[in-house]
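Written out below as structure tokens is the structure these notes cover.
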Amino acid sequence: MLKGGKTKRRTIFFVIILVASILVMLLKNEEMYDVESMSKFANSFVENHARYQYSEKQDMKNFSTYWKSPDILRKLAGKIHSTATSTALQGIFEDNQSTTETLNNANSGAFTDLADDFNSDNIKTLTKKRLEEREAKIEEIYDFRKTHLSLTHLPKVIGIGVKKCGTGGLITFLAKHPLIRIPKIYSGETSFFVSEQYKKGPRAYRSYFPPTNEMEFGMEKTPIYFDSSNINLASTMKKMVPKAKILLMVCDPTMRSFSDYNYEKDQHPDSPAGIVARQNTFEEFIDTYVPKMQLLLQQSHDNRTSYADDYKTKIMLRGLRKTIPAANLITTGLYIYHIQTWKTFYDKSNFLIVDGEEFIRNTGAVIEQIQEFLGIPKLVWKEDFVKHPDTGFYCYRKLTEKHLNSSYVETDDELRTSLKCLGKTKGHTRNGAKHASPEALGKLSQFYELYNRAFYQETGKTYNWL
């Protein structure tokens with residue numbers, strides 16, 4: 035039992051710091067914390083800080099145990115960030131008025147409007163039998179994993195790009211499939227073939243991946259593979275991982291460029307592209323660099339009519355990164371030049387082009403398409419995705435039998451702990467958080483028009499970017 039006014043004030047101060055720290059982490063983290071992660075954080079916080087507030091070891095032990103309780107942690111993950119009531123702490127400080135006020139002032143980001151979306155018409159098409167069949171298949175996969183040897187293997191799936199087209203969301207949601215295993219490093223991004231590591235060969239590459247059995251698929255994605263300055267990258271990858279399935283995610287090159295500009299400016303301000311972005315508004319950047327790109331491409335392409343044979347321009351584009359620091363913010367979107375190299379080594383059976391714009395509009399359908407391409411059972415369904423009412427982007431929540439009950443409505447706490455959404459730093463150029471003038475976007479779109487048409491013709495598909 036804590037005694038004394040001074041000790042009580044210290045305790046209140048400590049609880050406020052703990053709550054604020056967890057709230058900050060919830061706001062900053064790219065994915066919401068699950069109970070296990072929250073428990074580890076809370077326990078670490080207690081171990082590192084509580085000893086300065088308590089003189090009795092037993093008090094600290096009791097407090098640490100309290101914060102590791104899954105029930106309390108669910109309240110922290112849900113209540114504090116959404117409804118922000120004082121319920122999460124009433125069991126320990128019923129008379130703590132200061133803490134109650136602090137929690138009530140933290141009200142933000144509630145999911146109360148989301149419940150209606152979970153009872154949408156597409157859920158009504160599901161049956162108990164279908165859900166039971168999925169659970170049986172998942173159980174079969176887990177049982178196989180327990181009884182069969184798992185070793186480190188080379189990946190069966192490699193995402194090669196394109197940067198800022200949604201590759202992070204793609205691998206995040208694919209990893210919900212029990213057969214997809216991704217490296218823990220950098221959320222599945224190894225950068226192996228654009229680093230010095232590739233010189234160490236297959237053994238070094240295998241070391242990035244978790245052990246897998248013959249049923250499972252190791253997967254990584256590195257967005258800059260697609261337009262790497264190393265023109266031999268596709269050849270090197272084919273030789274090292276000859277049977278790998280390749281995923282290429284493309285998107286509107288105009289919006290991709292705007293997103294990349296903001297990403298470099300905010301995340302890598304000291305990189306060559308980041309420095310250019312910091313020193314120029316997007317409008318200034320377009321007015322300066324688009325004319326340069328137009329002139330260089332015109333001079334390089336000359337009178338050629340086939341992009342497939344334009345080796346000179348391919349080399350020129352890769353060399354521009356050294357001579358014009360911000361060139362890749364624009365040249366990455368010239369898909370027609372980059373796709374030629376990959377088509378030389380991969381045929382349609384092992385190469386899938388994914389429309390990043392369609393991924394935004396219909397996330398679940400794209401995830402189902404990829405499972406079919408990989409030849410694995412469809413265990414992540416389009417019905418598992420729901421559009422967030424605030425961001426407009428889809429979140430993943432695995433459907434269960436309880437969702438079939440028309441009278442069932444999930445609480446804020448249940449929604450928050452079950453949803454897996456993209457991070458708060460994602461999609462700023464798509465949801466309107468960051469703006470560019472229509473004139474600048476129009477100039478860039480006009481620049482890409484010729485190359486988009488050539489890409490459409492080359493791939494046999496219209497992506498509606500014109």
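According to our numbering, the sequence shown is numbered sequentially starting from 35.
Backbone N, C-alpha and C define an ideal beta-carbon position, used for all residues, glycine too.
- Pairing Ile349 with Lys326 gives a Cβ-Cβ distance that is not under 8 Å.
- Across the structure, Gly476 and Gln332 are spaced so that their CA atoms are roughly 20 Å apart.
- Runs of alpha helix (DSSP H) with 4 or more residues, each lying fully within the region 472 to 497, are found at 472 to 493, listed in chain order.
- Rounded to whole angstroms, the Cβ separation of Gly200 and Phe319 is 23 Å, and the two are not in contact under 8 Å.
- According to DSSP, residue pairing for Arg215 in a beta bridge involves Gly252.
- Bounds of the beta strand (DSSP E) holding Gly193 are Val191 to Gly195.
- Per DSSP, the unbroken alpha helix (DSSP H) holding Leu204 starts and ends at Thr201 to Leu208.
- Between the alpha carbons of Val443 and His437 lies a distance of about 8 Å.
- In the DSSP assignment, Val388 falls within the beta strand (DSSP E) that extends over Phe385 to Asp389.
- When beta bridges are read from the DSSP output, Ile280 appears opposite Ile192 and Phe385.
- Taking Asn498 as the centre and dropping the five residues before and after it, the same chain places the C-beta of Glu391 closer than 8 Å to its C-beta, in chain order.
- Within the same chain, Tyr295, Glu298 and Lys299 come within 6 Å of Ala311 by CB-CB distance, once the 5 residues on both sides are set aside.
- By the Cβ-count criterion, Pro189 is buried, with 16 or more other Cβ atoms from all chains shown falling within 10 Å of its own Cβ.
- Residue environment analysis places Asn486 among the buried positions, since at least 16 neighbouring C-beta atoms fall within 10 angstroms of its C-beta.
- Closest in C-alpha terms to Pro244, from the list Leu213, Met271, Leu351 and Asp418, comes Leu213.
- Taking a cut-off of 8 Å on C-beta distances, the region 377 to 385 does not touch the region 177 to 188, as fewer than three cross pairs fall below it.
- Of the residues assessed, Gln328 falls on the exposed side of the cut-off, its CB having fewer than 16 other CB atoms within 10 angstroms.
- Proximity of the region 422 to 432 to the region 223 to 238 falls short of the contact definition, fewer than three beta-carbon pairs being nearer than 8 Å.
- With respect to Gln405, Lys412 sits close: the two C-beta atoms are nearer than 8 Å.
- Leu160 sits away from Thr434, with the two beta carbons spaced by 8 Å or more.
- The C-beta of Lys218 has fewer than 16 other C-beta atoms within 10 Å across all chains shown, which makes the residue exposed.
- In terms of CA proximity to Pro287, Leu484 leads the group Gly494, Glu492 and Leu484.
- Where Val310 is concerned, the enclosing alpha helix (DSSP H) starts and stops at Pro306 to Gln313.
- Runs of the beta strand (DSSP E) spanning 3 or more residues and lying entirely within the region 377 to 448 occur at 385 to 389, 419 to 421 and 428 to 430, in chain order.
- Classified as exposed, Asp304 has fewer than 16 neighbouring CB atoms from the shown chains inside 10 Å of its CB.
- Contact check for Leu354 against Tyr371 fails: the beta carbons are separated by 8 Å or more.
- Going by C-alpha positions, Lys468 is about 9 Å away from Ser293.
- Nearest to Thr496 by C-alpha distance, out of Phe481, His302, Ser471 and Val388, is Val388.
- Using a Cβ distance threshold of 8 Å, Val284 and Val196 count as a contacting pair.
- Apart from sequence neighbours up to five positions away, the residues of its chain that approach Glu317 with a beta-carbon distance below 6 Å are Ser471 and Ala474, ordered along the chain.
- Annotated as proximal: Ile265 and Thr375, with beta-carbon spacing under 8 Å.
- Ranking Ser225, Leu208 and Gln491 by CA distance to the CA of Glu402 puts Leu208 first.
- Taking all protein chains shown into account, Thr366 has 16 or more neighbouring C-beta atoms within 10 Å of its C-beta and is therefore buried.
- Lys460 carries a coil assignment under DSSP once its states are collapsed to helix, strand and coil.
- Contact check for Leu282 against Phe260 passes: the beta carbons are separated by less than 8 Å.
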